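With my numbering applied, the sequence shown covers 162 to 231. Ideal Cβ positions, reconstructed from N, Cα and C, are used throughout, including at glycine. For clarity, every value in this text was computed on a predicted model and none was experimentally measured. Shown next, in structure tokens, is the structure this report addresses.
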Amino acid sequence: MTVIQAVGLSIGVLAIMLFLYGTGIIRATEKLKIGVSAATGAICLVYLVSRVVSLFGSHFPYIHEAGPSW
């Protein structure tokens, strides 16, 4: 994936989410806030563990490296 594709997809997702939130189709409930925080924290933890493991010479794949190789 190129940088332009990643930026374009990020802007597209942001626009759709802002539209859905603005029209009231989705609401930011406490459960949603907790879920988003938990998912973000889990990704942060995976990257932190990967960094620590790489200090000892081992390779722990990042999330985007764990999929099928094309």
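Just to confirm the assignment, what range does the alpha helix (DSSP H) spanning residue i have?
i, result
"G183", "V164 to G183"
"S219", "Where S219 is concerned, there is no enclosing alpha helix (DSSP H), given that its DSSP letter is neither H nor E."
Please report the Cβ distance between residue i and residue j, rounded to the nearest whole angstrom; I am assuming they are in contact, meaning their Cβ atoms lie under 8 angstroms.
i, j, result
"I187", "L181", "5 angstroms"
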